[in-house]
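Notes follow once the structure below has been shown.
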Amino acid sequence: MFLAILVTGIKAQVNVSGAITGNGSHASLSAAAVAIGTSQSGAVIQITITGNTTEPATGAVFGAGNWASISIQPSGGAFKIEGAVNAGLPLIDFNGADNITIDGLNSGGNSLTISNTTVSSTSGTSTIRFQGDATNNTIIRCSILGSSTMATGTNGGNIWFGAAAVSTGNDGNTISTCNIGPAGSNLPSKCIYFSGSSNTNPGTANSGISITNNNIYDFFSATANSAGIDLNSGTTNITITSNRFYQSNPRTQTATGLSHRVISINNTSGVGYTVNSNTIGGSNNTNSGSAYGIVFPTTTTSSFIPIFLKIILNHLV
Numbered sequence: 000m001f002l003a004i005l006v007t008g009i010k011a012q013v014n015v016s017g018a019i020t021g022n023g024s025h026a027s028l029s030a031a032a033v034a035i036g037t038s039q040s041g042a043v044i045q046i047t048i049t050g051n052t053t054e055p056a057t058g059a060v061f062g063a064g065n066w067a068s069i070s071i072q073p074s075g076g077a078f079k080i081e082g083a084v085n086a087g088l089p090l091i092d093f094n095g096a097d098n099i100t101i102d103g104l105n106s107g108g109n110s111l112t113i114s115n116t117t118v119s120s121t122s123g124t125s126t127i128r129f130q131g132d133a134t135n136n137t138i139i140r141c142s143i144l145g146s147s148t149m150a151t152g153t154n155g156g157n158i159w160f161g162a163a164a165v166s167t168g169n170d171g172n173t174i175s176t177c178n179i180g181p182a183g184s185n186l187p188s189k190c191i192y193f194s195g196s197s198n199t200n201p202g203t204a205n206s207g208i209s210i211t212n213n214n215i216y217d218f219f220s221a222t223a224n225s226a227g228i229d230l231n232s233g234t235t236n237i238t239i240t241s242n243r244f245y246q247s248n249p250r251t252q253t254a255t256g257l258s259h260r261v262i263s264i265n266n267t268s269g270v271g272y273t274v275n276s277n278t279i280g281g282s283n284n285t286n287s288g289s290a291y292g293i294v295f296p297t298t299t300t301s302s303f304i305p306i307f308l309k310i311i312l313n314h315l316v
């Protein structure tokens with residue numbers, strides 16, 4: 000007689016190598032971040048995503064570690080890092096973390112989607128947050144999806160460059176060649192939001208951030224002000240170039256007096272903004288198809304503003 004034993008458990012979807020502690024398999028990116036911790040003097044760490052992960056309600060937090068670098072990449076397929084985090088929190092938090100690269104590859108059958116499915120207008124709800132002097136991090140070739148619904152000028156968005164600066168601000172970060180849009184059918188009101196601790200640079204301002212060659216799409220609110228990129232006080236010396244902005248379907252506002260901005264820079268104390276070679280329009284990432292459609296109520300003071308600038312004029316490049 001043969002006895003068959005079926006063993007089930009949580010499949011490990013994240014593998015860590017190169018760390019001083021925390022190497023091995025983990026069920027989520029959050030679990031891997033906890034295992035790595037911050038005491039990794041000089042380590043060159045590789046985090047490999049080998050399956051879809053479901054992140055906990057508190058998200059994945061990378062602190063101010065002393066590693067040389069961390070690389071996060073998919074291997075063996077198209078995978079999601081996904082979760083419905085508590086309102087007011089990010090799915091992935093770079094909290095003082097430096098020198099981390101998330102590369103979705105988008106080649107050889109590999110790709111990576113990072114998605115916070117929480118629909119909330121609570122301040123701070125985001126998919127990726129940079130705060131507390133998170134520097135020299137890169138997000139490249141990923142899909143970054145979210146459904147935060149707070150108005151412009153309020154903390155949150157798919158990507159949020161925040162505050163809590165210790166000495167330098169969140170400097171030298173790059174978002175490149177990513178798809179930044181909604182988690183499912185729930186549209187975000189903002190795709191990228193900049194706030195910060197001060198406008199002093201060098202100092203605690205967020206600075207040296209590059210937003211290049213991304214598809215930024217389907218950001219809208221029928222009842223609140225919305226923007227693709229919303230930059231306010233606390234951020235200086237930012238590059239926004241070669242991005243494509245579009246709406247895959249027409250959008251209808253139901254409230255009056257609203258503003259829908261594609262790129263909004265509203266900081267009369269900031270300097271060094273470079274905005275060029277961006278394209279706005281159409282219904283796809285080639286900016287073709289049907290028109291970029293925003294439908295206003297019949298009687299309204301609402302506005303559609305492709306690029307809004309309220310800055311020191313001699314500091315726009």
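Numbering-wise, numbering that gives the first Met the number 0 puts 126 at position 127 of the sequence shown, and it's gapless, one number per residue.
Beta carbons are placed, not taken as given, at the ideal position from N, Cα and C, and that holds for glycine.
{"Check": "Residue from 144, 223, 165 and 88 with nearest C-alpha to residue 152", "Outcome": "223"}
{"Check": "Residue of 104, 228 and 38 minimising C-alpha distance to residue 112", "Outcome": "104"}
{"Check": "Close-in-space but distant-in-sequence residues of the same chain around residue 134 (CB under 6 Å, 5 per side omitted)", "Outcome": "97, 170 and 171"}
{"Check": "Identity of the residue in 27, 72 and 67 nearest residue 56 by Cα", "Outcome": "27"}
{"Check": "Expected contact under 8 Å - CB spacing of residue 16 and residue 39 to nearest Å", "Outcome": "Between residue 39 and residue 16 the Cβ distance is about 12 Å, and since that is not below 8 Å, they are no contact."}
{"Check": "Environment of residue 273 [buried if 16+ CB atoms lie within 10 Å]", "Outcome": "exposed"}
{"Check": "For residue 5, the three-state DSSP class (helix, strand or coil)", "Outcome": "A caution first: residue 5 carries a pLDDT of 42, below 50, which makes its placement in the model too unreliable to give a value."}
{"Check": "Within-8 Å CB hit, residue 87 to chain C", "Outcome": "You won't find chain C in this structure, because it holds only one protein chain."}
{"Check": "Proximity of residue 200 and residue 209 at Cβ, strictly below 8 Å", "Outcome": "no"}
{"Check": "Pairwise C-alpha distance: residue 308 and residue 243", "Outcome": "18 Å"}
{"Check": "Candidates 260, 18, 154 and 143: closest to residue 193 by CA position", "Outcome": "154"}
{"Check": "Residues of its chain near residue 116, where Cβ-Cβ distance is below 6 Å and the 5 sequence neighbours each way are ignored", "Outcome": "83 and 182"}
{"Check": "Outcome for residue 203 when other beta-carbon atoms lying within 10 angstroms are tallied against a minimum of 16", "Outcome": "buried"}
{"Check": "Residue 270, DSSP secondary structure in three states", "Outcome": "coil"}
{"Check": "DSSP three-state assignment for residue 77, whether helix, strand or coil", "Outcome": "strand"}
{"Check": "Test item: CB-CB of residue 161 and residue 198 under 8 Å", "Outcome": "no"}
{"Check": "Beta carbon of residue 185 nearer than 8 Å to that of residue 225", "Outcome": "no"}
{"Check": "Secondary structure of residue 90, DSSP reduced to three states", "Outcome": "strand"}
{"Check": "Per DSSP, cross-strand counterpart(s) of residue 144", "Outcome": "114 and 180"}
{"Check": "Backbone CA spacing between residue 47 and residue 102 [nearest angstrom]", "Outcome": "10 Å"}
{"Check": "Close beta carbons around residue 18, own chain, < 7 Å, minus the five adjacent residues each side", "Outcome": "35, 39, 42 and 44"}
{"Check": "With 16 other Cβ atoms within 10 Å as the buried cut-off, status of residue 249", "Outcome": "exposed"}
{"Check": "Identity of the residues DSSP links to residue 45 by a beta bridge", "Outcome": "16 and 70"}
{"Check": "Status (buried if at least 16 other CB within 10 Å, exposed otherwise) for residue 275", "Outcome": "exposed"}
{"Check": "Simplified DSSP assignment, three categories, for residue 59", "Outcome": "strand"}
{"Check": "Residue 226, enclosing beta strand (DSSP E) - first and last residue", "Outcome": "225-230"}
{"Check": "DSSP bridge partner residues for residue 216 (one or two, in chain order)", "Outcome": "245"}
{"Check": "8 Å Cβ cutoff met for residue 230 and residue 265", "Outcome": "yes"}
{"Check": "Residues near residue 256 in its chain [Cβ-Cβ closer than 8 Å; skip 5 each side]", "Outcome": "299, 300 and 301"}
{"Check": "Endpoints, alpha helix (DSSP H) assigned at residue 127", "Outcome": "Element bounds for residue 127: not the alpha helix (DSSP H) but the beta strand (DSSP E), 125-130."}
{"Check": "Exposed unless 16 or more other CB atoms sit within 10 angstroms - verdict on residue 65", "Outcome": "exposed"}
{"Check": "Contacts around residue 142, its chain only, beta-carbon distance under 6 Å, and the 5 residues preceding and following it disregarded", "Outcome": "112 and 178"}
{"Check": "Of the residues 218, 87, 110 and 214, the one placed nearest residue 80, counting alpha carbons only", "Outcome": "110"}
{"Check": "Three-way DSSP call (helix, strand, coil) for residue 28 in this model", "Outcome": "helix"}
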